[in-house]
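Encoded as structure tokens, the structure appears first; notes follow it.
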Amino acid sequence: AVEKSLRPQTLSQYIGQTKIKHELQVYIQAAQKRQEALDHVLLYGPPGLGKTTLALVIAHELGVNLRSTTGPSIDKAGDLVAILSELQPGDVLFIDEVHRLPKNIEEILYSAMEDFFIDIVVGQGAEAHAIHYPLPPFTLIGATTQAGQLSSPLRSRFGIIEHLTYYNTTELTQIIQRSATVLNVTITLEGAHELARRSRGTPRVANRLLKRVRDFAQVAGRQEIDAPLVSSSLQQLQVDSAGLDQTDRKLLQMMIQLYHGGPVGLKTMAVNIGEEQETVEAVYEPYLLQQGFLKRTSRGRMVTSKAYQHLGLPVPDQNGAK
Ligand code: ADE
Numbered sequence: 018a019v020e021k022s023l024r025p026q027t028l029s030q031y032i033g034q035t036k037i038k039h040e041l042q043v044y045i046q047a048a049q050k051r052q053e054a055l056d057h058v059l060l061y062g063p064p065g066l067g068k069t070t071l072a073l074v075i076a077h078e079l080g081v082n083l084r085s086t087t088g089p090s091i092d093k094a095g096d097l098v099a100i101l102s103e104l105q106p107g108d109v110l111f112i113d114e115v116h117r118l119p120k121n122i123e124e125i126l127y128s129a130m131e132d133f134f135i136d137i138v139v140g141q142g143a144e145a146h147a148i149h150y151p152l153p154p155f156t157l158i159g160a161t162t163q164a165g166q167l168s169s170p171l172r173s174r175f176g177i178i179e180h181l182t183y184y185n186t187t188e189l190t191q192i193i194q195r196s197a198t199v200l201n202v203t204i205t206l207e208g209a210h211e212l213a214r215r216s217r218g219t220p221r222v223a224n225r226l227l228k229r230v231r232d233f234a235q236v237a238g239r240q241e242i243d244a245p246l247v248s249s250s251l252q253q254l255q256v257d258s259a260g261l262d263q264t265d266r267k268l269l270q271m272m273i274q275l276y277h278g279g280p281v282g283l284k285t286m287a288v289n290i291g292e293e294q295e296t297v298e299a300v301y302e303p304y305l306l307q308q309g310f311l312k313r314t315s316r317g318r319m320v321t322s323k324a325y326q327h328l329g330l331p332v333p334d335q336n337g338a339k
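Be aware that the sequence shown starts at 18, since it is given in UniProt numbering, and climbs by one per residue.
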């Protein structure tokens with residue numbers, strides 16, 4: 018059987034990101050009343066918080082088609098032209114990882130976004146000339162984990178810019194309860210709450226862990242997932258009481274053992290744990306900062322005393338980890 022999607026389809030089913038939802042509701046209604054395409058939308062924030070889901074929801078609420086692609090997968094101008102030329106009036110074009118669009122492709126988007134046309138250059142040398150190609154009005158939804166990496170000409174062409182933030186435990190509990198219903202498993206409120214607390218504020222993590230806990234429950238012949246089962250499952254998955262995984266702990270331990278807790282630059286952090294710098298910056302660091310295990314200083318990142326305590330290490334009094 019095909020697994021049902023855990024993604025909500027409407028704004029009313031979408032849990033959390035309340036301010037963003039309320040804003041989008043207004044902009045969507047206004048665009049519909051004017052019978053215009055919704056203005057272009059930039060969604061940014063850490064991975065797994067629901068940027069793609071929100072793009073699907075927006076298209077669904079607008080009642081239009083959604084075309085979906087990613088920045089790094091478009092390498093020829095023709096790829097983008099092909100996608101743009103298939104759009105119907107009002108459609109949504111979703112570009113994930115929009116900060117990784119090649120520069121020449123990005124430049125094609127400028128006129129497409131601003132005035133709904135593209136100029137395609139055909140021929141070579143003296144024969145070269147541009148063909149003016151009109152497009153239907155459409156909505157570009159761009160998603161990125163790093164708004165700072167977007168060029169300013171591109172960023173300035175998005176009329177609606179929304180920053181997704183980590184979900185609180187109450188919201189994640191609701192998402193887990195909804196997902197459990199979709200997956201047809203029973204989880205107690207305490208179980209959902211424990212799972213929520215240890216899911217890095219991230220629905221994608223919560224839903225992935227829920228599926229793994231469901232596996233443990235299935236094999237143990239349990240009808241219901243409760244808090245002790247969540248705890249023992251997460252312990253096996255090496256997700257600790259604060260929701261940190263092996264890589265999070267490795268990062269903190271490395272900074273302590275090799276650099277006395279920092280300051281350490283991003284590049285050094287990445288090299289020492291064998292991850293891409295972009296991954297450290299987009300995935301690991303934001304949550305560790307938000308939870309107060311890391312702090313930023315002008316000279317680099319430093320481990321906090323909270324991190325030493327969490328790892329069961331003595332807090333040094335000399336290195337400034339206050
Ligand atoms: N599944 C994943 N993210 C969700 C969200 N924000 N609301 C409801 N269900 C979700």
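Think of the CB as a built atom: it goes at the ideal place given N, C-alpha and C, for glycine as much as any other residue.
Minimum C-alpha distance to residue i - residue among the options
i, options, result
"H57", "I192, F175, M272, R313", "F175"
"L189", "G95, G260, G142", "G260"
"H327", "L311, D334, R316, G317", "L311"
"M130", "Y325, G107, K93, Q263", "G107"
"L181", "G317, A72, Q52", "A72"
"R24", "E40, I45, F133, R195", "R195"
"L306", "R316, G208, D265, L104", "D265"
"T219", "Y183, E295, S90, V230", "Y183"
"R313", "I290, G282, I45", "G282"
"E211", "E179, I45, Q252, Q235", "Q252"
"S258", "K120, G329, P119", "G329"
"D262", "L246, V43, D243, E302", "E302"
"G279", "N185, R316, T203", "R316"
"Q42", "R239, F111, A76", "A76"
"A213", "I193, E179, V202", "I193"
"Q240", "I204, L60, L227, V247", "I204"
"P89", "A54, G159, H39", "G159"
"L200", "L157, L227, G80, V247", "L227"
Local conformation of residue i per DSSP, three classes
i, result
"V288", "helix"
"Y301", "helix"
"S216", "coil"
"P106", "coil"
"A145", "coil"
"E241", "strand"
"H180", "strand"
"F134", "strand"
"R233", "Note that residue 233 is Phe in the sequence shown here, rather than Arg. F233: helix per DSSP, three-state reduction."
"A160", "strand"
"Y31", "coil"
"T264", "helix"
"residue 390", "Residue 390 lies beyond the range of the chain shown here (18 to 339); nothing can be said about it."
"V222", "helix"
"residue 416", "With the chain running from 18 to 339 in the structure shown, residue 416 is simply not present."
"L171", "helix"
"T321", "coil"
"S315", "coil"
"L83", "strand"
Cut-off 8 Å between Cβ atoms - residues of its own chain near residue i, not counting five sequence neighbours on either side
i, result
"Y276", "T285"
"D136", "S128, A147, I148, H149, Y150"
"G140", "H146"
"T296", "A287"
Closer than 8 Å to chain D by CB, residue i
i, result
"E103", "The chain inventory of the structure shown lacks chain D, comprising one protein chain alone."
Where residue i falls, given that 16 or more other Cβ within 10 Å makes a residue buried
i, result
"N224", "buried"
"T27", "exposed"
"H116", "buried"
"A99", "exposed"
"K36", "exposed"
"S109", "It is Val, not Ser, that sits at residue 109 in the sequence shown. Buried, because 16 or more other Cβ atoms sit within 10 Å of the Cβ of V109."
"S216", "buried"
"D232", "exposed"
"P63", "buried"
"E293", "exposed"
"K120", "exposed"
"D113", "buried"
"V74", "buried"
"K68", "buried"
"A197", "buried"
"S173", "exposed"
Cβ shell of residue i (< 6 Å), same chain only, five flanking positions each side left out
i, result
"V332", "S322, Y325"
"Q30", "none"
"R221", "G65"
"residue 5", "Outside the shown range of the chain, which is 18 to 339, sits residue 5, and nothing can be said about it."
"A164", "Y61"
"I242", "I204, G208, V230, A234"
"T70", "R24"
"G142", "none"
Close Cβ partners of residue i (< 7 Å) along its chain, the five nearest in sequence each way excluded
i, result
"P170", "Y127"
"F134", "S128, H149, Y150, P151, L152"
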